[in-house]
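Residue numbers (numbering that gives the first Met the number 0), protein chains in the order written: chain B, 0 to 113; chain S, 0 to 211. Even for Gly, the Cβ is constructed at its ideal location relative to N, Cα and C. Structure record follows, encoded as structure tokens.
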Amino acid sequence: MDLISGEKLENMTSMEKIRLILDKVKTGRIVVLENGLTSDEEVRLIEMTMTEIRVDEFSGIEIESYPSRKEGSFFDKLFGRAVKGRMTVIGPANQLRTIEKDKYQIITKVSVGD
Amino acid sequence: MGFFNSLKLNLGVWINRIFKKKRAKIGLYGPPNAGKTTLANRIIQDWSGSGNFGTISAIPHETRRAMRTEGVVIQANGSSIELDIVDTPGMATKIDFKEFMAFGLSEAESKKRAKEATEGVIEAIKWLDDLDGVLLIMDSSEDPYTQVNVTVIGNMEARGLPLLIVANKMDLPDASPARIKAAFPQHAMVPVSALEGSNIDELYKAIATRFG
């Protein structure tokens, strides 16, 4: 399991973050991001995941993050500033399973091997 | 998204709001089997009088290509709004062909459907860039905290675009629209049964208010 600090991701472009996550997850690692991704990055991660699904090799990801704390302010929207992401766990769909999730906690089950 | 593109997009949103645009392109989003196509069919049958968006099935990812109908005029609250409606494939983060085999599809059919479903998710994501608003359809008998719901809501909030949550399948015995409202209290929500047409007039009023 890899716990990745907010500082590490802050210095990366969106594509670098997505590539880092997918490369780790495709080798069977569970990734926990301290500050998560922006909603746009989450969408791009899903999009990229879809392009990399292969029969009997990679069936996709399980990703869980909390709902955003609040809507962005008027100026955030006007200038397209992203609302900061929240702690996020991402893993291979065949190894990470969400048991329960609500506003305040995410309970997941991790299985080793398939 | 670059600064100037973001500025242009967001200024466009606010200008549309200020001048109360009367035509809007809205996307129907949600997880597979939430009832998106059932609702899309209901809307065009109610307001166009005929036709269907697509076929409905218990097998997930029945809709694998986005389907669009233009010029659906909805009248509610004493005003009318013209909608271009895009029924998108179900959003998912994983697609395993074995899930389709559980529904009796052959291995070859399942693999083909899985491939098409991945392309459908990509197409649904691409449409996000070209919409004025979203109807997010949730199955109110299911847990609302799915990542697809969280991601679509976060994305619309970041873009500053209007979102209306449709708590579908309210006819099911274990349906709980209140659970959806509690999960996403900052957004308008209308409980409906797209299959039976229950409370559908309230949805049309909410559409006119939210997107008009």
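{"Item": "Would you kindly report the start and end of the unbroken alpha helix (DSSP H) that includes Q44 (chain S)?", "Value": "K35 to S47"}
{"Item": "In three-state DSSP terms, what is Q146 (chain S)?", "Value": "helix"}
{"Item": "Give the secondary structure of P215 (chain S) by DSSP, where H, G and I count as helix, E and B as strand, and everything else as coil.", "Value": "Nothing can be reported for residue 215 (chain S): it is not among the residues displayed for chain S, which extend from 0 to 211."}
{"Item": "Any beta-carbon of chain B closer than 9 Å to the one on A39 (chain S)?", "Value": "no"}
{"Item": "Using CA coordinates, which residue listed in B:R96, B:M0, B:V54 and B:D101 is at the minimum distance from E108 (chain S)?", "Value": "B:V54"}
{"Item": "Please report whether the beta-carbon of I25 (chain S) lies at a distance below 9 Å from any beta-carbon of chain B.", "Value": "no"}
{"Item": "Sort S:G153, S:Q74 and S:K35 by Cα distance to K21 (chain S) and report the nearest one.", "Value": "S:Q74"}
{"Item": "From the DSSP output, which residues share a beta bridge with Q74 (chain S)?", "Value": "S:S79"}
{"Item": "Determine, using beta carbons only, whether G132 (chain S) and L104 (chain S) come nearer to each other than 9 Å.", "Value": "no"}
{"Item": "Taking the beta carbon of R96 (chain B) as the centre, do at least 16 other beta carbons fall within 10 Å, making it buried, or is it exposed?", "Value": "exposed"}
{"Item": "Using a Cβ-Cβ cut-off of less than 9 Å, give me the residues of the region 151-163 of chain S that come near chain B, in sequence order.", "Value": "V151, I152, G153, N154, M155, E156, A157, R158 and G159"}
{"Item": "Answer yes if the region 164-180 of chain S comes into contact with the region 54-66 of chain B, meaning at least three C-beta pairs across the two stretches below 8 Å, and no otherwise.", "Value": "no"}
{"Item": "Mind checking if F99 (chain S) is an interface residue toward chain B, Cβ cutoff 9 Å exclusive?", "Value": "no"}
{"Item": "Would Y28 (chain S) pass as an interface residue toward chain B - the criterion being a Cβ-Cβ separation below 9 Å?", "Value": "no"}
{"Item": "Report yes or no: do three or more beta-carbon pairs, one from the region 23-31 of chain B and one from the region 131-151 of chain S, lie closer than 8 Å?", "Value": "no"}
{"Item": "Relative to the alpha-carbon of I3 (chain B), which residue among B:M14, B:L32 and B:T12 has its alpha-carbon at the smallest distance?", "Value": "B:L32"}
{"Item": "Identify the contact partners of V191 (chain S) in chain B, using a Cβ-Cβ distance below 9 Å as the criterion.", "Value": "Near V191 (chain S) there are no residues of chain B at all, since even the closest Cβ is about 22 Å away, more than 9 Å."}
{"Item": "Look at the Cβ atom of G211 (chain S), then the Cβ atom of S78 (chain S), and state whether they are nearer than 9 Å.", "Value": "yes"}
{"Item": "Rounding to the nearest angstrom, what Cα-Cα distance links T62 (chain S) and M188 (chain S) in this structure?", "Value": "24 Å"}
{"Item": "Based on DSSP bridge pairs, tell me the residues matched to G132 (chain S).", "Value": "S:I25"}
{"Item": "Examine the ligand GDP and report whether any of its heavy atoms sits within less than 8 Å of the Cβ of L32 (chain B).", "Value": "Ligands are entirely absent from the displayed structure, and the ligand GDP is therefore not among its contents."}
{"Item": "Relative to the C-alpha of E69 (chain S), which candidate in S:H60, S:P59 and S:L82 has its C-alpha closest?", "Value": "S:L82"}
{"Item": "Just to make sure I have the definition right: I need the residues of chain D whose C-beta is within less than 8 Å of the C-beta of K110 (chain S). Which are they?", "Value": "Absent from the structure: chain D. Protein chains present are B and S."}
{"Item": "Less than 9 Å between CB atoms is the rule here; does G59 (chain B) satisfy it with respect to chain S?", "Value": "yes"}
{"Item": "Which same chain residues end up closer than 6 Å to K108 (chain B) when comparing Cβ atoms and leaving out the 5 residues on each side of it in sequence?", "Value": "R96 and I98"}
{"Item": "How should S47 (chain S) be labelled, buried or exposed, when 16 other C-beta atoms within 10 angstroms of its C-beta is the threshold for buried?", "Value": "exposed"}
{"Item": "Could you give the DSSP three-state label for N51 (chain S): helix, strand or coil?", "Value": "coil"}
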